[in-house]
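Notes to accompany the following structure.
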Ligand SMILES: [Zn+2]
């Protein structure tokens with residue numbers, strides 16, 4: 001599934017389209033998570049003026065109309081030459097002045113929707129802060145976690161606490177600070193929360209720098225693969241040896257998700273430190 005770093009990478013790779021005017025729009029298959037609006041023709045003649053990211057959404061601002069794009073489970077945008085052959089699962093083609101933007105999505109959980117001029121939508125209005133912003137800091141997180149009795153990993157992956165910390169990033173950052181994924185969120189000490197915030201930011205920045213990569217076949221809009229996956233220490237490594245202490249890494253299910261941890265380096269402490 002494309003995670004925040006992939007979406008950031010995708011947004012960056014679409015920047016060549018800025019200030020270009022839409023020449024034509026062609027919807028090949030409108031049935032995504034919600035139908036692609038049937039009045040996309042409105043975009044023709046409009047310049048793309050801004051590309052932003054909020055959580056895992058891309059906000060595409062055209063001169064008159066704004067759009068909200070999401071990659072769902074398997075979506076990707078690709079920039080190509082107009083004469084390039086279409087691929088199976090290419091659902092939307094937007095012609096710009098000298099490049100074509102194609103939306104590809106085998107599982108069709110993504111979305112292409114209109115957004116109002118204030119960029120308000122029930123899909124993004126109630127989301128927590130961006131992990132790389134100053135609003136996501138130790139004081140904020142400590143306060144937020146103090147009211148939560150769920151495991152820290154589940155709290156960290158809750159979009160109302162902070163957006164964009166998927167399973168990979170939660171697993172890796174908890175491993176790196178030595179906190180058990182099931183430790184009740186409210187029992188983390190201030191010092192642990194401080195380390196956690198630093199670690200979440202570090203690992204997301206690293207993933208963005210390396211081009212993202214959660215899906216093995218993930219590629220950004222230019223078709224380049226990410227290298228982040230090769231740097232993982234815990235995620236996907238259950239049964240292998242911990243790089244710190246050589247204990248066998250274990251896997252437990254938390255909120256239906258695999259959670260890999262080292263029983264030695266990440267002991268479960270149920271009481272406040
Ligand atoms: Zn260990």
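Numbering (UniProt numbering), first residue to last: 1 to 273.
Note that CB positions come from ideal geometry on N, CA and C, so glycine has one too.
Cβ-heavy atom distance, residue i to ligand 1, below 7 Å
i: residue 183; result: no
Supposed contact pair residue j and residue i - C-beta distance, whole angstroms, cut 8 Å
i: residue 186; j: residue 145; result: 6 Å
i: residue 33; j: residue 111; result: 5 Å
i: residue 260; j: residue 268; result: Not quite, the Cβ-Cβ distance comes to about 14 Å (not below 8 Å), so this is no contact.
i: residue 3; j: residue 166; result: 4 Å
i: residue 51; j: residue 14; result: 6 Å
i: residue 156; j: residue 170; result: 5 Å
i: residue 99; j: residue 65; result: The Cβ separation is near 20 Å, so there is no contact.
i: residue 274; j: residue 17; result: Lying before the first or after the last residue shown, residue 274 is absent from the chain, which here runs from 1 to 273.
Beta-carbon spacing of residue i, residue j below 8 Å
i: residue 254; j: residue 147; result: no
i: residue 37; j: residue 101; result: no
i: residue 184; j: residue 270; result: yes
i: residue 177; j: residue 201; result: no
i: residue 234; j: residue 172; result: yes
i: residue 28; j: residue 91; result: yes
i: residue 58; j: residue 10; result: yes
i: residue 256; j: residue 179; result: no
Cut-off 7 Å between Cβ atoms - residues of its own chain near residue i, not counting five sequence neighbours on either side
i: residue 89; result: 104, 105 and 106
i: residue 87; result: 104
Cβ neighbours of residue i in the same chain (closer than 6 Å, five flanking residues each side left out)
i: residue 23; result: 95
i: residue 8; result: 53 and 208
i: residue 264; result: 245 and 247
i: residue 272; result: 187
Same chain, Cβ closer than 8 Å to residue i, five either side skipped, listed in chain order
i: residue 205; result: 132
i: residue 121; result: 68, 113 and 115
i: residue 140; result: 129
Starting from the N-terminal end, write out each residue whose C-beta falls within a distance shorter than 6 Å of any non-hydrogen atom of ligand 1.
Result: 242, 244, 245, 247, 262, 264 and 265.
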